[in-house]
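Here the structure is laid out as structure tokens; the discussion comes afterwards.
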Amino acid sequence: LYSNGSAMLTPIYRQHPLPLPQPGNTVEILIITVILTIAIELMVAFLYLKRIKVKKKSRILTAVAIANVISVPTFWFGFVFTLGALGLIIGEIFVIIFEGFFVHYFNKKAITLKRALVMSLIMNIASAIICGIILSLFIG
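Residue numbers (our numbering): 1056 to 1195.
As structure tokens, this is what we get:
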């Protein structure tokens, strides 16, 4: 607001852009995000599986780790680097569905599709928030 009573409105996203990594530091960001995501999602998956009393946790946790090795690079290269901020949203939706189906496919006797999708949703919310905070400190 100016002294003459006029004002200039600037969109918030122009003042505070999302901290999207630039292609120049791709390898470092990818390594950090894969390690962080796997660590966070394995912890969340373990707690979820313990809560719903699943007996064969190790096989499911292995599937979670493998799914992340596939989904994290796909998320960054297939969505974020090509679509920008919109890719964050579309990519997360893809990752949640992919990881849920992946875990269920290789563990059909141990976990239902519904529970695998719920677990994937919880894992990805946790990793998106925690990784987002950590990455914003590195690249923001």
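Ideal Cβ positions, reconstructed from N, Cα and C, are used throughout, including at glycine.
Which term fits residue i, buried or exposed, when burial requires 16 or more other beta carbons within 10 angstroms of its beta carbon?
i       : result
LEU1104 : buried
ILE1144 : exposed
THR1088 : buried
PHE1130 : buried
ALA1140 : exposed
ASN1123 : buried
VAL1135 : buried
VAL1127 : buried
Which two residues bound the contiguous alpha helix (DSSP H) that contains residue i?
i       : result
VAL1150 : 1140-1160
THR1129 : Taken as a continuous stretch (DSSP letters only), THR1129 belongs to no alpha helix (DSSP H), as it is neither H nor E.
VAL1099 : 1081-1106
Does any C-beta atom of chain B lie closer than 8 Å to the C-beta of residue i?
i       : result
MET1098 : Of the protein chains in this structure there is only one, and it is not chain B.
Please check the pair residue i and residue j, which I expect to be a contact at CB under 8 Å, by giving their CB distance rounded to whole angstroms.
i       : j       : result
SER1157 : ALA1100 : The question names Ser, but residue 1157 is Phe in the sequence shown. Actually they do not touch by this definition, with Cβ atoms about 12 Å apart.
ALA1181 : ILE1095 : 6 Å
ILE1107 : ARG1170 : 6 Å
ALA1183 : GLU1147 : 6 Å
LEU1097 : LEU1116 : 6 Å
So, for residue i: in the same chain, excluding its five sequence neighbours on each side, which residues have a beta-carbon less than 7 Å away from its beta-carbon?
i       : result
ILE1189 : LEU1091
GLY1142 : PHE1134 and VAL1135
Leaving out five residues before and five after residue i in sequence, what residues of the same chain have Cβ atoms less than 8 Å from its Cβ?
i       : result
ARG1114 : PHE1161, ASN1162 and ALA1165
Tell me which residues share the same chain as residue i and place their Cβ nearer than 6 Å to its Cβ, disregarding the 5 neighbours each side in the sequence.
i       : result
ILE1151 : SER1175, LEU1176 and ASN1179
LEU1172 : GLY1155
ILE1093 : ALA1120 and ASN1123
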